[in-house]
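Right, one structure below, let's go through it.
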Amino acid sequence: MAESLDLSSPASRREALRMVDVDDPGPHHAMLREIFDLERTWREGPDTGESDEYEQIYVTAFLLFLIGDPADSPRLYGAKFRTGEMDLGTGFDAQAIFGAGRCETLQWLLENGYTDEHAHLSEWLSQWEDPKIEDWARHVREYFYSPDGVLLLDPL
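What follows is the structure, given as structure tokens:
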């Protein structure tokens, strides 16, 4: 499905995000990974964008969180802790990294050679788990989606 979609602009990526069911984002996993990577590249590039395009990486991160694949954790970690873009580094919520669960994510990182990420996130969890990840997820859903699951971002 994602192969036929034009994801080349922030506006086209936003429209693609509207197709994703917040209650079942799994069927769009590959597309969400692609959107996330494109959004990060765009955010770290020279184009300052317009309007509220900056929100899309956060929506995409939330949907990846909901899918809960620990293999996404390095991608999400990089956006928070390995970016040169100040707003992304500050505004990206580290809670998004833990969609698979705290222990499961940390275990996956350790088993797959991400020892620095494992150590850093273990430390982060011991100090910065306020709000709790579950509370964070509820808040983010309410911020970006209506009660019936409609993405609240305006068209670009």
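In our numbering, the protein residues as written are -5 to 150. Note that the Cβ used here is the ideal one computed from N, Cα and C, for glycine as well.
query	result
For P141 and W130, I'd like the C-alpha separation in whole angstroms.	16 Å
Sort P40, T54 and F86 by Cα distance to V16 and report the nearest one.	T54
Within the 7 Å Cβ cut-off, does C97 reach chain B?	You won't find chain B in this structure, because it holds only one protein chain.
Would you decide whether K126 is buried or exposed? Buried here means 16 or more other CB atoms lie within 10 Å of its CB.	exposed
Our contact map puts A94 next to W102 with C-beta atoms below 8 Å; I'd like the distance itself, whole angstroms only.	7 Å
Could you round the C-beta distance between A90 and F56 to whole angstroms and report it? I think they count as a contact, below 8 Å.	6 Å
Considering just the uninterrupted stretch of the alpha helix (DSSP H) at M80, what are its terminal residues?	M80 to G85
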